[in-house]
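So the sequence shown is numbered by my numbering: it starts at 827 and just counts up by one. Don't be surprised by glycine CBs; every beta carbon is placed ideally from N, CA and C. The structure displayed is predicted, hence computed values, not measured ones. Step one of this worksheet: look at the structure below.
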Amino acid sequence: MNKYQYKQFAATRLMYPPVRYSPDSTHIGYMTSATGQLNLWSVPSGGVWPGS
827 MNKYQYKQFA ATRLMYPPVR YSPDSTHIGY MTSATGQLNL WSVPSGGVWP GS
């Protein structure tokens, strides 16, 4: 496991606006850096988290 300095952790933003619906409104797209690398994600907009 990597050790990080507090200032590195504090500088990490977990979610970046904007959060947007897909054109057909079936998914929500957003960006997050929760893993330490900026990623683009898409989740179903039906109110249930994937895998639940």
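- The continuous beta strand (DSSP E) containing G855 extends over residues 853 to 858.
- A straight-line Cα-Cα distance of about 22 Å links Y847 and Q863.
- For L864, the secondary structure class from DSSP, reduced to helix, strand or coil, is coil.
- Beta-bridge pairing by DSSP links P870 to H853.
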